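Chains L and V are the protein sequences, given in the same order. Each residue of the first sequence is one higher than the last, beginning at 1 in the numbering used here. Each residue of the second sequence is one higher than the last, beginning at 457 in the numbering used here. Every residue gets a Cβ at the ideal spot worked out from N, C-alpha and C, and that includes glycine. For clarity, every value in this text was computed on a predicted model and none was experimentally measured. Heads up, the thing below is written out as structure tokens.
Number of protein chains: 2
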Amino acid sequence: MEEMEFDLLFGLVEENKLKELKAELIEMPYADIAEFIMLIENEKTAVKVFRILPKDISADVFAYLDSDSQEIIVRRITDREIQLLMEDLFVDDAVDFLEEVPANVVRRVLANTDKETRETINKFLEYPDNSAGSVMTNEMVELHDTFTVGEAIKNIRRTGVDKETIYTCYVIDKSRHLVGTIPLRRLILNDEDTLLTEIMSDDEQLISVRTLDDQEEVALVAKKYDLLSIPVVDKENRLVGIITIDDIVDIIDEEATEDFEKMANLRPSDDEYLKTKILSLAKNRIPWLVLLLVSSTFTGQIIEGFESKLAVVAGLTACIPMLMGTGGNSGSQVSTLIIRGLALGEIKTRDYLKVLWKEIRVSVLVGLVLALVNVLRMIVLRYTIGNDASDSVILVVSLSVWCVVIVAKIMGCTLPIVAKILKLDPAMMTGPMISTVVDAISLLIYFALANALIQF
Amino acid sequence: MEEMEFDLLFGLVEENKLKELKAELIEMPYADIAEFIMLIENEKTAVKVFRILPKDISADVFAYLDSDSQEIIVRRITDREIQLLMEDLFVDDAVDFLEEVPANVVRRVLANTDKETRETINKFLEYPDNSAGSVMTNEMVELHDTFTVGEAIKNIRRTGVDKETIYTCYVIDKSRHLVGTIPLRRLILNDEDTLLTEIMSDDEQLISVRTLDDQEEVALVAKKYDLLSIPVVDKENRLVGIITIDDIVDIIDEEATEDFEKMANLRPSDDEYLKTKILSLAKNRIPWLVLLLVSSTFTGQIIEGFESKLAVVAGLTACIPMLMGTGGNSGSQVSTLIIRGLALGEIKTRDYLKVLWKEIRVSVLVGLVLALVNVLRMIVLRYTIGNDASDSVILVVSLSVWCVVIVAKIMGCTLPIVAKILKLDPAMMTGPMISTVVDAISLLIYFALANALIQF
Numbered sequence: 001m002e003e004m005e006f007d008l009l010f011g012l013v014e015e016n017k018l019k020e021l022k023a024e025l026i027e028m029p030y031a032d033i034a035e036f037i038m039l040i041e042n043e044k045t046a047v048k049v050f051r052i053l054p055k056d057i058s059a060d061v062f063a064y065l066d067s068d069s070q071e072i073i074v075r076r077i078t079d080r081e082i083q084l085l086m087e088d089l090f091v092d093d094a095v096d097f098l099e100e101v102p103a104n105v106v107r108r109v110l111a112n113t114d115k116e117t118r119e120t121i122n123k124f125l126e127y128p129d130n131s132a133g134s135v136m137t138n139e140m141v142e143l144h145d146t147f148t149v150g151e152a153i154k155n156i157r158r159t160g161v162d163k164e165t166i167y168t169c170y171v172i173d174k175s176r177h178l179v180g181t182i183p184l185r186r187l188i189l190n191d192e193d194t195l196l197t198e199i200m201s202d203d204e205q206l207i208s209v210r211t212l213d214d215q216e217e218v219a220l221v222a223k224k225y226d227l228l229s230i231p232v233v234d235k236e237n238r239l240v241g242i243i244t245i246d247d248i249v250d251i252i253d254e255e256a257t258e259d260f261e262k263m264a265n266l267r268p269s270d271d272e273y274l275k276t277k278i279l280s281l282a283k284n285r286i287p288w289l290v291l292l293l294v295s296s297t298f299t300g301q302i303i304e305g306f307e308s309k310l311a312v313v314a315g316l317t318a319c320i321p322m323l324m325g326t327g328g329n330s331g332s333q334v335s336t337l338i339i340r341g342l343a344l345g346e347i348k349t350r351d352y353l354k355v356l357w358k359e360i361r362v363s364v365l366v367g368l369v370l371a372l373v374n375v376l377r378m379i380v381l382r383y384t385i386g387n388d389a390s391d392s393v394i395l396v397v398s399l400s401v402w403c404v405v406i407v408a409k410i411m412g413c414t415l416p417i418v419a420k421i422l423k424l425d426p427a428m429m430t431g432p433m434i435s436t437v438v439d440a441i442s443l444l445i446y447f448a449l450a451n452a453l454i455q456f
Numbered sequence: 457m458e459e460m461e462f463d464l465l466f467g468l469v470e471e472n473k474l475k476e477l478k479a480e481l482i483e484m485p486y487a488d489i490a491e492f493i494m495l496i497e498n499e500k501t502a503v504k505v506f507r508i509l510p511k512d513i514s515a516d517v518f519a520y521l522d523s524d525s526q527e528i529i530v531r532r533i534t535d536r537e538i539q540l541l542m543e544d545l546f547v548d549d550a551v552d553f554l555e556e557v558p559a560n561v562v563r564r565v566l567a568n569t570d571k572e573t574r575e576t577i578n579k580f581l582e583y584p585d586n587s588a589g590s591v592m593t594n595e596m597v598e599l600h601d602t603f604t605v606g607e608a609i610k611n612i613r614r615t616g617v618d619k620e621t622i623y624t625c626y627v628i629d630k631s632r633h634l635v636g637t638i639p640l641r642r643l644i645l646n647d648e649d650t651l652l653t654e655i656m657s658d659d660e661q662l663i664s665v666r667t668l669d670d671q672e673e674v675a676l677v678a679k680k681y682d683l684l685s686i687p688v689v690d691k692e693n694r695l696v697g698i699i700t701i702d703d704i705v706d707i708i709d710e711e712a713t714e715d716f717e718k719m720a721n722l723r724p725s726d727d728e729y730l731k732t733k734i735l736s737l738a739k740n741r742i743p744w745l746v747l748l749l750v751s752s753t754f755t756g757q758i759i760e761g762f763e764s765k766l767a768v769v770a771g772l773t774a775c776i777p778m779l780m781g782t783g784g785n786s787g788s789q790v791s792t793l794i795i796r797g798l799a800l801g802e803i804k805t806r807d808y809l810k811v812l813w814k815e816i817r818v819s820v821l822v823g824l825v826l827a828l829v830n831v832l833r834m835i836v837l838r839y840t841i842g843n844d845a846s847d848s849v850i851l852v853v854s855l856s857v858w859c860v861v862i863v864a865k866i867m868g869c870t871l872p873i874v875a876k877i878l879k880l881d882p883a884m885m886t887g888p889m890i891s892t893v894v895d896a897i898s899l900l901i902y903f904a905l906a907n908a909l910i911q912f
């Protein structure tokens, strides 16, 4: 949406020209109406604008609002308006919204929801966070396995307007077992009296997930089979809901963001940065920083044990940051590739030996290049600014670079895969650990080589 | 797909029971057939299995193969088979495949493609990498703005089988200008003689992208409006193609992977880790490692200038890794949040002052907590292992921690936003820079405080 167009709308709000405003709004995509409402600073005005929306689009717009704005609106509209809203809202959007607002708002909303929907919502709210059940909706097209194509289309015409998607229809038997799926496309392109059972995908072609499956797994399945929606079944293979592709896309973004956060030593959070309070931001950051600070005691001790020699040999201390930096960077290059590969399903734990062998070869090569660059760097320093590192210091530092790169790469590919095998989260375990472990090992290698090769 | 089921298939391959194998395969989802073929180690066997697939599904399976397997197959099948394959392949899948294989394979494939398709493919291949044009397909449903619903459905029934999606139809005028979109759902739920122009989305509701738009922008648009496909238009607003949601999902994964790689100091690469050659892996890693190694000369010089004092005051040197680590970690926590927020469109450059003010408050708080933890840590060390850091050293180190956290957080939010304003890539510019800049500043703060507060 162009800012210019929003300016026009803001003008109408200010002049209180609600009729003109409404006329403009109803021509806009729902996502843009929602964006506009979220930009209005004054709560009262935002709610006023929401209220002028016609009933048939207000629930659609509501679903696009963030939870803060949803809460503000629900707190200020009447019970009757809540009731109408809940009638039109899809169950997955209602659940998303109710998961984010305080308990008293949830109670008031559910009190104004018809019994059947309330029971469904309550059931969905009970599924664990990030499970398939918690993101599904129950507004799918269900067709009986006795239907013909003509009956199916008639059924869709009658009930389709209330369904979240009609593009994939689900075929169930008398006991609600999922027995097949059929894309609307195949219905349209077949004759009216074809039986559904003749053209539906069944048996091995039938892809479904369980209510308690992790949403990350669900996203992998959707991506692998290019599905527009995935059926969710219970333990008895009865159809209980579907997850649509727009939610899959959100899950993909969410999971990637979570991995970004974990690898940057943050506690993952579902909230948008700009909407997170100072205290929550601090709380997400402090744990790992404290842990890493405390664990740096190890590296401190290693240096302390070597301090007398560092004081005597010129140039040794100055290279510590470079060595630790090179180790950390080399390690995180690999661990990032592996963590991402595991998350996308491109790397499996059974590939470990293949990965390790690859990394050994790569690291020998990369380490050699870096060691040579370091020799060059230190010789240049000697002849330009008169750095007084001796030949043996240059040798020790450069050899250390080589070894450190090799060790860091081996750790970088091993840690995430081991985490995965132990059923721990590779991103969570490796991001913070890699630097501490590699730092300590780098220093030990450095000082061991210095002890062996430099005469004190 | 369960491994057990694959075992059964492998058994059939070994016993050369091709008929039974074919019967099993055609019951499977295309993605699973492709997975199975990619698991066959022997090239000849893989091609043999591909060849037993019936003509109507072989192109679908081919589209799910990775480019290595695609190349192997195309090199071993006849010209006639290539011709049949190209007839059935969607243009976007054909373009994906041709972008990855060597020029001689491209020439052979195009020589066996009918003229019209060849011209389309050649045009699509010319669009720059990562542009909307390079990922679109031209197999969309085009309806004329004079049609009724009945005529539209008849048209879809006639031509739909060759379209990549029929779920969103595009309404064009005589000159092929895009004038509206209409979801199949709305067609199905409306009367036969309704005119398309009465029910299509037009004007402001019409979302489209241009051929040269960046694919990242395209993904943001698709996510914002929850679209199943996006129309792509040329400069004159003529419809030239569509991008379907399965490609959008791939783009989202690709762009996130790219950001992961850039932030881990890697040159981004489109190839899967396990399929990348040793030399390419090394080439992607060496540039930033060398740059960071060379730039660590600054930190080395800073330490060198202070070496005589480090040698005198016990405990100062040992804290250097902790300080630099804390600075680096604090900085990357923020920069990660900001880079991700910018990528998802949740943070805009105009939010900079808001972000900065937030980070100043968060960092004062986080820094204080870390400084106190550090005081505690160093006192514990004194009374347990008899660490001989004096009170003033503890004060200097802890004050430095506080300052370093504040500076790191300010840099962490400033660098990505400045990069974005300068139209540089925030992930590329910030990932590598943040550690070098924060390392140097951390040391300067540390030594300045030491100079001021410790009597030598």
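If you pair each beta-carbon of the segment 855-863 of chain V with each one of the segment 739-748 of chain V, do three or more pairs fall below 8 Å?
-> Result no; under three Cβ-Cβ pairs closer than 8 Å.
Note down the Cα distance separating valine 456(V) from threonine 78(L), rounded to an integer number of angstroms.
-> An answer regarding residue 456(V) cannot be provided, because it is not within the stretch 457 to 912 covered by chain V.
Straight-line Cα distance separating proline 639(V) from leucine 684(V) | Reading the second sequence from its first residue, position 228 is the one you call residue 684(V). Reading the second sequence from its first residue, position 183 is the one you call residue 639(V). Take the alpha-carbon of leucine 684(V) and the one of proline 639(V): they are about 10 Å apart.
So, does the CB of serine 59(L) fall closer than 8 Å to a CB anywhere in chain V?
-> Within the first sequence, residue 59(L) is the residue found at index 59, counting from 1. Contrary to the premise, residue 59(L) reads as alanine rather than serine in this sequence. Cβ-Cβ to chain V under 8 Å: no for alanine 59(L).
Taking Cβ positions only, does glutamine 526(V) come closer than 8 Å to chain L?
-> Here residue 526(V) corresponds to residue number 70 of the second sequence, with the count starting at 1. No, because no Cβ of chain L sits closer than 8 Å to the Cβ of glutamine 526(V).
Can you tell me the Cα-Cα spacing of asparagine 155(L) and arginine 176(L), whole angstroms?
-> Position 155 of the first sequence, counted from the start, is the residue given in the question as residue 155(L). Position 176 of the first sequence, counted from the start, is the residue given in the question as residue 176(L). Near 17 Å, if we compare the C-alpha coordinates of arginine 176(L) and asparagine 155(L).
Take the Cβ of glutamine 526(V) as the centre, count every other Cβ of all protein chains shown within 10 Å, and call the residue buried at 16 or more, exposed below.
-> In the second sequence, the residue the question calls residue 526(V) occupies position 70. Per the 10 Å Cβ criterion, buried.
For valine 769(V), name the three-state secondary structure that DSSP assigns.
-> For this step, residue 769(V) is matched to residue 313 along the second sequence. Three-state result, valine 769(V): coil.
Whose C-alpha, out of Val179(L), Asn42(L), Met38(L), Leu39(L), is nearest the C-alpha of glutamate 142(L)?
-> Walking along the first sequence from the start, residue 142(L) turns up at place 142. For the residues Val179(L), Asn42(L), Met38(L), Leu39(L), the minimum Cα distance to glutamate 142(L) belongs to Val179(L).
If you compare alpha carbons, which of Ile698(V), Ser898(V), Ile655(V), Asp516(V) is closest to methionine 484(V)?
-> Taking the second sequence and counting its residues from 1, one reaches residue 484(V) at position 28. Nearest of Ile698(V), Ser898(V), Ile655(V), Asp516(V) to methionine 484(V), Cα basis: Asp516(V).
Same chain, Cβ closer than 7 Å to arginine 642(V), five either side skipped, listed in chain order = Along the second sequence, one-based indexing puts residue 642(V) at 186. For arginine 642(V), where only same-chain residues beyond five positions count, the Cβ hits under 7 Å are Ile655.
Threonine 336(L): contacting residues in chain V (beta-carbon distance under 8 Å) | Here residue 336(L) refers to the residue found at position 336 of the first sequence. Ordered by position in chain V, the residues that pass the 8 Å Cβ test against threonine 336(L) are Phe716, Glu717, Met719, Ala720, Leu722.
Cα-Cα separation between isoleucine 33(L) and aspartate 647(V), rounded to whole angstroms = As a first step, residue 33(L) is located in the first sequence; it is residue number 33 there, counting from the start. As a first step, residue 647(V) is located in the second sequence; it is residue number 191 there, counting from the start. Whole-angstrom Cα-Cα distance: 29 Å.
Beta-carbon spacing of isoleucine 338(L), isoleucine 701(V) below 8 Å | For the purposes of this step, residue 338(L) is identified with residue 338 of the first sequence, where counting begins at 1. For the purposes of this step, residue 701(V) is identified with residue 245 of the second sequence, where counting begins at 1. No, Cβ-Cβ distance for isoleucine 338(L) and isoleucine 701(V) is not below 8 Å.
Going by Cα to Cα distance, which pick from Val13(L), Ala314(L), Val438(L) is closest to valine 393(L)?
-> Translated into positions along the first sequence, residue 393(L) becomes position 393. Among Val13(L), Ala314(L), Val438(L), the Cα nearest to that of valine 393(L) belongs to Ala314(L).
Can you give the Cα-Cα distance for glutamate 376(L) and glutamine 333(L), rounded to whole angstroms?
-> Indexing the first sequence from 1 puts residue 376(L) at position 376. Indexing the first sequence from 1 puts residue 333(L) at position 333. With the sequence shown as reference, residue 376(L) is identified as leucine, and glutamate is not the correct amino acid for it. Cα-Cα distance, rounded: 24 Å.
Return helix, strand or coil for alanine 894(V), following the three-state DSSP convention.
-> As a working mapping, residue 894(V) is identified with position 438 in the second sequence. A small correction: the amino acid at residue 894(V) is valine; alanine does not occupy that position in the sequence shown. Assignment of valine 894(V) by DSSP, reduced to helix, strand and coil, places it in the helix class.
Would you say the segment 881-901 of chain V touches the segment 810-822 of chain V, given that touching needs at least three Cβ pairs under 8 Å?
-> At 8 Å Cβ cutoff, the stretches do not touch.
With a floor of 4 residues, list each alpha helix (DSSP H) that falls wholly inside the segment 600-632 of chain V, ordered by position along the chain.
-> As far as the segment 600-632 of chain V is concerned, its whole alpha helix (DSSP H) runs of at least 4 residues are 605-615.
Residue-chain proximity (threonine 326(L), chain V), Cβ-Cβ < 8 Å = What you label residue 326(L) is simply residue 326 of the first sequence in a count that begins at 1. Yes, threonine 326(L) lies at the interface with chain V (some Cβ there is under 8 Å from its Cβ).
Host beta strand (DSSP E) of proline 183(L) (start-end) | Stepping through the first sequence from its first residue, residue 183(L) is reached at position 183. It spans 178-183 - the beta strand (DSSP E) in which proline 183(L) sits, taken as one unbroken run.
Proximity to glycine 697(V) [Cα-Cα], best of Lys619(V), Arg574(V), Thr653(V) | Looking up residue 697(V) in the second sequence gives position 241. Among Lys619(V), Arg574(V), Thr653(V), the Cα nearest to that of glycine 697(V) belongs to Lys619(V).
Whole angstroms is fine: what's the gap from valine 161(L)'s alpha carbon to isoleucine 644(V)'s?
-> Taking the first sequence and counting its residues from 1, the one referred to as residue 161(L) is at position 161. Taking the second sequence and counting its residues from 1, the one referred to as residue 644(V) is at position 188. So the two alpha carbons sit approximately 10 Å from each other.
Hey, leucine 292(L) and threonine 436(L): beta-carbon distance below 8 Å or not?
-> Along the first sequence, one-based indexing puts residue 292(L) at 292. Along the first sequence, one-based indexing puts residue 436(L) at 436. Leucine 292(L) is a Cβ neighbour of threonine 436(L), given a cutoff of 8 Å.
Can you tell me the Cα-Cα spacing of isoleucine 513(V) and methionine 596(V), whole angstroms?
-> For the purposes of this step, residue 513(V) is taken as residue 57 along the second sequence, with counting starting at 1. For the purposes of this step, residue 596(V) is taken as residue 140 along the second sequence, with counting starting at 1. Their backbone Cα atoms lie some 20 Å apart in a straight line.
Beta-ladder partner(s) of arginine 210(L), from DSSP = Taking the first residue of the first sequence as 1, we reach residue 210(L) at position 210. DSSP lists Val233(L) as partners of arginine 210(L).
First through last residue of the alpha helix (DSSP H) which encompasses leucine 837(V) | Walking along the second sequence from the start, residue 837(V) turns up at place 381. Run containing leucine 837(V): 808-840, per the alpha helix (DSSP H) assignment.
Chain V within 8 Å of asparagine 374(L), Cβ atoms only | Position 374 of the first sequence, counted from the start, is the residue given in the question as residue 374(L). Taking Cβ atoms only, chain V reaches closer than 8 Å to asparagine 374(L), which makes this a yes.
Quick one: grab the DSSP three-state call for valine 108(L).
-> Counting from 1 along the first sequence, the entry for residue 108(L) is found at position 108. In the sequence under discussion, the amino acid at residue 108(L) is arginine, which differs from the valine named in the question. Note: arginine 108(L) maps to helix in three-state DSSP.
Checking contacts by CB at 8 Å: is methionine 322(L) closer than that to chain V?
-> Start at 1 with the first residue of the first sequence, and residue 322(L) comes out as number 322. Residue contact with chain V for methionine 322(L): present (Cβ-Cβ distance below 8 Å to some residue of chain V).
Can you list, in chain order, the residues of the segment 881-897 of chain V whose Cβ is nearer than 9 Å to any Cβ on chain L?
-> Residues Pro888, Ser891, Thr892, Asp895.
Among Glu35(L), Ile26(L), Arg361(L), Leu395(L), which residue has its Cα nearest to the Cα of isoleucine 52(L)?
-> Translated into the one-based positions of the first sequence, residue 52(L) becomes position 52. Ranking the options by Cα distance to isoleucine 52(L), first place goes to Ile26(L).
Under the assumption that threonine 148(L) contacts leucine 196(L) (Cβ atoms under 8 Å), give the Cβ distance between them as a whole number of angstroms.
-> Translated into positions along the first sequence, residue 148(L) becomes position 148. Translated into positions along the first sequence, residue 196(L) becomes position 196. With a Cβ gap of about 7 Å, threonine 148(L) and leucine 196(L) count as contacting.
Taking the Cβ atom as the reference point for each residue, do isoleucine 901(V) and isoleucine 866(V) lie within a distance shorter than 8 Å?
-> Counting from one through the second sequence, the residue named residue 901(V) turns up at place 445. Counting from one through the second sequence, the residue named residue 866(V) turns up at place 410. Contact annotation: isoleucine 901(V) and isoleucine 866(V) have beta-carbon atoms that are not nearer than 8 Å.
Can the beta-carbon of leucine 289(L) be found closer than 8 Å to that of valine 822(V)?
-> As a working note, residue 289(L) is residue 289 in the first sequence. As a working note, residue 822(V) is residue 366 in the second sequence. Yes, these two residues count as a Cβ contact at 8 Å.
Residue(s) in a DSSP beta bridge with glutamate 598(V) | Within the second sequence, numbered from 1, the residue matching residue 598(V) stands at position 142. According to DSSP, which records beta bridges pairwise, glutamate 598(V) is partnered with Tyr626(V).
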